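Under the numbering used here, the residue at position 25 of the sequence shown is numbered 244, and the numbers go up by one with no gaps. To start, the structure itself, in structure tokens.
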Amino acid sequence: MTPPREEVVLLAEDGTPIGTADKATVHTEATPLHLAFSCHLFDGEGRILVTRRALTKKTWPGVWTNSFCGHPGPGEAIEDAVVRRAEHELGARIDNLTIALPDFRYRAVDAAGIVEYEVCPVYTATIVGELSPAANEVAEWAWADPRSLLSAVDETPWAFSPWLTLQLPALYADQSLEASGQL
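Below, the structure written as structure tokens:
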């Protein structure tokens, strides 16, 4: 059975939606700007979930990254997409979904020449229940002390996704994690 076609929202440079495209065709050497999101998931002990991307992922396969990412579909609220992807990627329910970096945007090129070019609001949330990650999304996962993770990202940025190396320090700078008791 063929999986359903997943569409992403294409954006003009000012962030205005200008159309849609098949997700399977978007991530290339000439990826257009599109809408995405990232989420950093915490447990009841204040630890942050990091995941290693499945080796079958088109971009940054096998690289450690934030808890999960995704793309809202056309007409889908980003918060609804975050909840949907938490279930799809991690088999997890989430609570306390909070926008942490609403204006995050980046462009990065992986070793194979594939480009990520996204307006990518960053959220935090807490997990409800247990994880059951999808093997086609997550190769490995670990709960980490946020400060230790920040040190690891600072010392070995090449071991992590470029968006994590940019997001994590910005989350610390924002102090939103510290104020919420997650740091």
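Each residue gets a CB set at the ideal place from its N, CA and C atoms; glycine is no exception. Predicted model, so just to flag it, every value in this text is computed and none were measured.
Residue i - partner residues in DSSP beta bridges
i	result
Val282	In the DSSP output, where bridge partners are listed per residue, Val282 has none listed.
Asp241	Glu226
Asp314	Thr345
Glu359	Arg271
CB contact flag (residue i, residue j, <8 Å)
i	j	result
Ile333	Thr275	no
Thr284	Val269	yes
Ala273	Leu320	no
Glu308	Ala361	no
Arg304	Glu359	no
Leu350	Gly289	no
Pro251	Tyr336	yes
Val228	Val245	no
Arg312	Gly348	yes
Leu368	Tyr391	no
Ala327	Trp377	no
Alpha helix (DSSP H) segment containing residue i, residue limits
i	result
Glu306	297-309
Glu335	Segment 334-338 is the beta strand (DSSP E) holding Glu335; no alpha helix (DSSP H) there.
Backbone CA spacing between residue i and residue j [nearest angstrom]
i	j	result
Thr384	Val372	6 Å
Ser286	Ile267	8 Å
Gln386	Phe323	8 Å
Ser380	Gly281	10 Å
Pro291	Glu374	32 Å
Arg224	Gly238	15 Å
Ala231	Asp329	23 Å
Asp233	Pro340	15 Å
Thr235	Tyr342	20 Å
Glu397	Gly294	Residue confidence is low: Glu397 scores 49 on pLDDT, short of 50, so the model does not pin down where it sits. Its coordinate-derived value is still stated next. Distance between the alpha carbons of Glu397 and Gly294 is about 33 Å.
Ala344	Arg366	17 Å
Trp279	Asp364	23 Å
Lys242	Ile346	27 Å
The ligand ATP heavy atom lying under 7 Å from the CB of residue i
i	result
Ile297	You won't find the ligand ATP in this model; it holds no ligand whatsoever.
Span of the beta strand (DSSP E), counted from its first residue to its last, around residue i
i	result
Asp373	Careful: Asp373 lies outside any beta strand (DSSP E), inside the alpha helix (DSSP H) at 365-374.
Ala327	324-328
Gly265	No beta strand (DSSP E) contains Gly265, which DSSP labels as neither H nor E.
Phe287	287-289
Problem set entry | Contact the stretch 303-317 vs the stretch 257-269: 3+ CB pairs below 8 Å | yes
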